[in-house]
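Residue numbers (our numbering): 5 to 130.
In structure tokens form, the structure reads like this:
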């Protein structure tokens, strides 16, 4: 039964990244505006890299391929995203509460990647 849980967990863990990668692909200019608003250098390349990582990383984790290095990369990406886009320490009021919530949601997702790194993909690998 553990292997089934690992497969389902891998799929659920990356749903956010699949949805985000697809949305950023479809609404590229809107995503580019978000990246530029945070003053990230080479915004166009950063957004393209984000889309590739989100889609390819998700596919690899669902397939169970290169689980440990991909989960580590996704965890680092998620940490960077939390720090850059959910900087609750620099906002006040309702915006602070929303940013704080988003920050800790991302930190929690990192926990899922760490568990996946420790457990591996399980038996169900494509």
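Every residue, glycine too, gets a C-beta built ideally from N, C-alpha and C.
1) Between residue 65 and residue 74, is the Cβ-Cβ spacing less than 9 Å?
2) Do the region 86 to 95 and the region 106 to 116 meet, that is, are 3 or more Cβ pairs less than 8 Å apart?
3) Using C-beta distances below 6 Å, list every residue in its chain close to residue 62, excluding the 5 sequence neighbours before and after it, in chain order.
4) With distances taken between CB atoms, is the gap from residue 76 to residue 117 smaller than 9 Å?
5) Classify residue 128: buried if its beta carbon has 16 or more other beta carbons within 10 angstroms, exposed otherwise.
6) So within the region 43 to 127, which uninterrupted alpha helix (DSSP H) runs reach at least 4 residues, ignoring any that extend past its ends?
Put simply:
1) yes
2) yes
3) 18, 21 and 22
4) yes
5) exposed
6) 47 to 67, 71 to 89 and 97 to 123
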